[in-house]
Amino acid sequence: EDQVTQSPEALRLQEGESSSLNCSYTVSGLRGLFWYRQDPGKGPEFLFTLYSAGEEKEKERLKATLTKKESFLHITAPKPEDSATYLCAVPSGGYQKVTFGTGTKLQVIP
Amino acid sequence: NAGVTQTPKFRVLKTGQSMTLLCAQDMNHEYMYWYRQDPGMGLRLIHYSVGEGTTAKGEVPDGYNVSRLKKQNFLLGLESAAPSQTSVYFCASTYSGELFFGEGSRLTVL
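Going down the list, the sequences are from chains A and B. According to our numbering, the first sequence is numbered sequentially starting from 1. According to our numbering, the second sequence is numbered sequentially starting from 1001.
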């Protein structure tokens, strides 16, 4: 059974304090790993797709990396507007099922 | 483009009542999904569809039914609502990559 585990559940950072979020996964035949951002009362918003170990992608203060067992979302010098819940997900059976982790709730304090 | 549109956005039901949530996408996507999101549980897959006229069970299908009569629409039905079905429901679609989400439908069952 495919599993996605995210840690920590919650993270509180001071503005400018860099950190990383973790997503570990167990899936047969990885077809990609997604990162999403979710703001309160909204649907998840796509950030990145990573397909192979060693791949990295960046967007503003966010950088996602992938190994054979886990992915990291690095946040460099975060701002209060980066506060959100960050979700990772993996597809299985083609795209018949997409399994999500429970997310990391990030709060960035001014 | 509207993307993924869910209706209604809010609904309050009494135990035993029935209702249907509608999801419409204008991106010509083959795959569509219904998730529920509860605090601490993350996004859990209820049902999904890999194309017009097809549906399949996800992780938590009990108490729900779905139909995909037209490619652009995916309906989620509750035949006899229960308080345990109080949740936020998200519809999503994809061609073969990242999922696009609707804004969510908040359902309360009293």
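From the three backbone atoms N, C-alpha and C, an ideal C-beta is built for every residue, glycine too.
Inter-residue spacing [alpha-carbon to alpha-carbon] between residue i and residue j
i: residue 2 of chain A; j: residue 24 of chain A; result: 11 Å
i: residue 1056 of chain B; j: residue 1009 of chain B; result: 24 Å
i: residue 1107 of chain B; j: residue 56 of chain A; result: 38 Å
i: residue 79 of chain A; j: residue 1044 of chain B; result: 30 Å
i: residue 77 of chain A; j: residue 19 of chain A; result: 8 Å
i: residue 1076 of chain B; j: residue 58 of chain A; result: 36 Å
i: residue 1137 of chain B; j: residue 1062 of chain B; result: This structure leaves residue 1137 of chain B out entirely; chain B is present only between 1001 and 1110.
i: residue 63 of chain A; j: residue 75 of chain A; result: 7 Å
i: residue 50 of chain A; j: residue 1081 of chain B; result: 39 Å
i: residue 1026 of chain B; j: residue 39 of chain A; result: 23 Å
i: residue 1033 of chain B; j: residue 67 of chain A; result: 28 Å
i: residue 47 of chain A; j: residue 1054 of chain B; result: 29 Å
i: residue 1066 of chain B; j: residue 1004 of chain B; result: 17 Å
i: residue 1023 of chain B; j: residue 32 of chain A; result: 25 Å
i: residue 1011 of chain B; j: residue 54 of chain A; result: 45 Å
i: residue 110 of chain A; j: residue 71 of chain A; result: 27 Å
i: residue 98 of chain A; j: residue 90 of chain A; result: 6 Å
i: residue 1059 of chain B; j: residue 1035 of chain B; result: 9 Å
i: residue 1002 of chain B; j: residue 1017 of chain B; result: 30 Å
i: residue 61 of chain A; j: residue 44 of chain A; result: 18 Å
Residue i Cβ short of 7 Å to the ligand FAD heavy atom set
i: residue 1078 of chain B; result: The ligand FAD is not among the ligands present in this structure, which contains no ligands whatsoever.
CB contact check: residue i to chain A, cutoff 8 Å
i: residue 1052 of chain B; result: no
i: residue 1045 of chain B; result: yes
i: residue 1079 of chain B; result: no
i: residue 1069 of chain B; result: no
i: residue 1010 of chain B; result: no
Exposure of residue i, with buried meaning 16 or more beta-carbon neighbours within 10 Å
i: residue 8 of chain A; result: exposed
i: residue 1095 of chain B; result: exposed
i: residue 1068 of chain B; result: buried
i: residue 1093 of chain B; result: buried
i: residue 1098 of chain B; result: buried
i: residue 1104 of chain B; result: buried
Paired residues, beta bridge with residue i - DSSP
i: residue 64 of chain A; result: A/57 and A/73
i: residue 92 of chain A; result: A/97
i: residue 20 of chain A; result: A/74
i: residue 1011 of chain B; result: B/1107
i: residue 45 of chain A; result: A/37
i: residue 10 of chain A; result: A/105
i: residue 27 of chain A; result: According to DSSP, residue 27 of chain A bridges with nothing at all.
Chain B contact for residue i (CB, 8 Å cutoff)
i: residue 42 of chain A; result: yes
i: residue 76 of chain A; result: no
i: residue 107 of chain A; result: no
i: residue 26 of chain A; result: no
i: residue 101 of chain A; result: yes
i: residue 57 of chain A; result: no
i: residue 3 of chain A; result: no
i: residue 34 of chain A; result: yes
i: residue 63 of chain A; result: no
i: residue 98 of chain A; result: yes
i: residue 104 of chain A; result: no
Sequence ranges, beta strand (DSSP E) only - wholly within the segment 1044 to 1102 of chain B, length at least 3: 1064 to 1067, 1073 to 1078 and 1087 to 1094
Unbroken stretches of the beta strand (DSSP E), 3 residues or longer, contained in the segment 1016 to 1044 of chain B: 1019 to 1025 and 1031 to 1038
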